[in-house]
Amino acid sequence: MVDTLASHYGSEGIVERILDALAAAGFDLDALDPDALAGADEFHIGGRSGSQFVADALKVGPGDHVLDVGSGIGGTARFLHRTTGALVTGVDLTPEFIDAAERLTNRVGLSEGIDYRIGSATDLPFDGDSFDAVTMVHVGMNIDDKNSMFAEMARVARPGSTIVVYDVMLTGSGKGEITYPMPWSDTPRFSFPSQRADYEAAAMTAGLALTSAEDHRDLALRFFNEPPASPPPVTLGHLMGPEMPAMFGNAKAAVNAGLISPVILTFVTA
Ligand SMILES: C[S@@+](CC[C@H](N)C(=O)[O-])C[C@H]1O[C@@H](n2cnc3c(N)ncnc32)[C@H](O)[C@@H]1O
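Heads up: the sequence shown is residues 1403 to 1672, going by the numbering used here.
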């Protein structure tokens, strides 16, 4: 068991594990397509499909500057930049993830459009009104203070900006208890999943107006119960290590039991 949230996520050698696996699978590391990283760099339910939902909801394009809060090793940031042309800044509290995000982004030649900072979602290291849109993907489950989380996203976003939160939320209807380790925490100590109503209340307190809400339970059921026939060359196991199968199994059980579901909430700032 770990004693800080960052040590749940971070470990030495993330980039080496990923690149070694890709080299072993025959990829040319000097001409790497960012898609080759997708099995390891999209740490959220639905993988690429989830990133696509977020991109569609953000509605950004060239000339926009997007903040990705809790950017992990940069999968969503790279996808958003490649598919929309927007500049992207990622912020994350796990130093090893920021280091991996920078190195992988550089490796696939996207550093001119994306930068990363170490920082906390509840005390963002940016001036007010800095971004045209803000997203957060599978991060709120680690944050107890949802009011500060939304207040910070609202503060750094310009007036009229879109804020898209794609998180694992409690459904309030399933039977049973969440079993740990979960992908976002190996202990209840750093785990604060909440119901959609709590997110919406905190967002309203921060002055945000809800424009859409989508529960992607069907995507989650497919993601956990219908794995691809052949696994991708890199997986979340290369990112998180040997505990990943147990985390995945517990998340699958919680989804199947109806305890949790991935939900996308889209807001606009005042
Ligand atoms: C499940 S991962 C998701 C990463 C990424 N958004 C993705 O979808 O691939 C959760 C991420 O949130 C980060 N995180 C958790 N709590 C945070 C906080 N309070 N401030 C900033 N980052 C945080 C973790 O370090 C981790 O990178």
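The beta carbon of each residue, even a glycine, is placed where N, CA and C say it ideally should be.
Taking the C-alpha atoms as reference points, what is the distance between residue i and residue j?
| i | j | result |
| --- | --- | --- |
| ILE1500 | VAL1471 | 12 Å |
| PRO1664 | THR1581 | 17 Å |
| GLY1562 | VAL1670 | 6 Å |
| MET1606 | SER1614 | 14 Å |
| ASN1627 | GLU1554 | 36 Å |
| ASN1652 | HIS1410 | 16 Å |
| LEU1612 | GLY1511 | 36 Å |
| ASP1435 | GLY1578 | 42 Å |
| SER1453 | GLU1504 | 19 Å |
| VAL1657 | GLY1465 | 38 Å |
| ASP1569 | GLY1542 | 6 Å |
| ASP1588 | MET1649 | 8 Å |
| ARG1450 | ILE1666 | 14 Å |
| LEU1460 | LEU1526 | 20 Å |
| GLY1576 | ALA1659 | 6 Å |
| PHE1455 | GLU1414 | 31 Å |
| ALA1433 | ASP1600 | 45 Å |
| VAL1468 | ALA1603 | 24 Å |
| LEU1610 | PHE1533 | 15 Å |
| ASP1494 | SER1473 | 6 Å |
| ASP1405 | ILE1565 | 31 Å |
Using the three-state DSSP reduction, which class does residue i fall into: helix, strand or coil?
| i | result |
| --- | --- |
| GLY1643 | coil |
| PHE1669 | strand |
| ASP1470 | strand |
| SER1663 | strand |
| ILE1565 | strand |
| LEU1421 | helix |
| PHE1445 | coil |
| ASP1525 | strand |
| SER1550 | helix |
| LEU1434 | coil |
| SER1614 | strand |
| VAL1558 | helix |
| LEU1638 | helix |
| THR1506 | A small correction: the amino acid at residue 1506 is Leu; Thr does not occupy that position in the sequence shown. It is helical. |
| LEU1512 | coil |
Skipping 5 residues on each side, what residues in its chain have a beta carbon closer than 6 Å to that of residue i?
| i | result |
| --- | --- |
| GLY1441 | PRO1634, VAL1636, THR1637 |
| GLY1448 | LEU1621, PHE1625 |
| THR1478 | SER1453, ASP1470, VAL1539 |
Determine the extent of the alpha helix (DSSP H) in which residue i is found, giving its start and end residues.
| i | result |
| --- | --- |
| ARG1624 | 1619-1627 |
| ILE1516 | Where ILE1516 is concerned, there is no enclosing alpha helix (DSSP H), although the beta strand (DSSP E) it sits in stretches over 1516-1520. |
| ASP1458 | 1450-1460 |
| TYR1601 | 1598-1607 |
| THR1478 | 1477-1486 |
| SER1409 | 1407-1411 |
Could you check if residue i is buried or exposed, using at least 16 other CB atoms within 10 Å of its CB as the buried criterion?
| i | result |
| --- | --- |
| GLU1444 | buried |
| SER1632 | exposed |
| LEU1482 | buried |
| ASP1531 | exposed |
| ALA1672 | exposed |
| ALA1438 | buried |
| GLY1428 | exposed |
For residue i, collect the residues of the same chain with a Cβ closer than 7 Å to its Cβ; drop the 5 residues on either side in sequence, then sort them by chain order.
| i | result |
| --- | --- |
| GLY1463 | THR1486, GLY1487, ALA1488 |
| THR1507 | GLY1476, ARG1480, SER1513, ILE1516 |
| ILE1545 | ALA1523, THR1524, MET1551, PHE1594 |
| HIS1446 | GLY1452, VAL1539, HIS1540, TYR1568 |
| LEU1641 | ILE1416, ALA1442, PHE1445, ILE1475 |
Taking residue i as part of the beta strand (DSSP E), name the residues at either end of that continuous run.
| i | result |
| --- | --- |
| VAL1493 | 1489-1494 |
| PHE1533 | 1533-1539 |
Regarding residue i and ligand 3, is the C-beta to nearest heavy atom distance less than 7 Å?
| i | result |
| --- | --- |
| TYR1601 | This structure lacks ligand 3; its bound ligands are ligand 1. |
Quick one: what's got a C-beta closer than 8 Å to residue i's C-beta in the same chain, skipping five residues either side?
| i | result |
| --- | --- |
| GLN1597 | MET1571, LEU1572, THR1573, GLY1574 |
| PRO1647 | GLY1639 |
| ARG1560 | ASP1531, SER1532, PHE1533, ASP1534, THR1671 |
| GLU1645 | PRO1583, ASP1588 |
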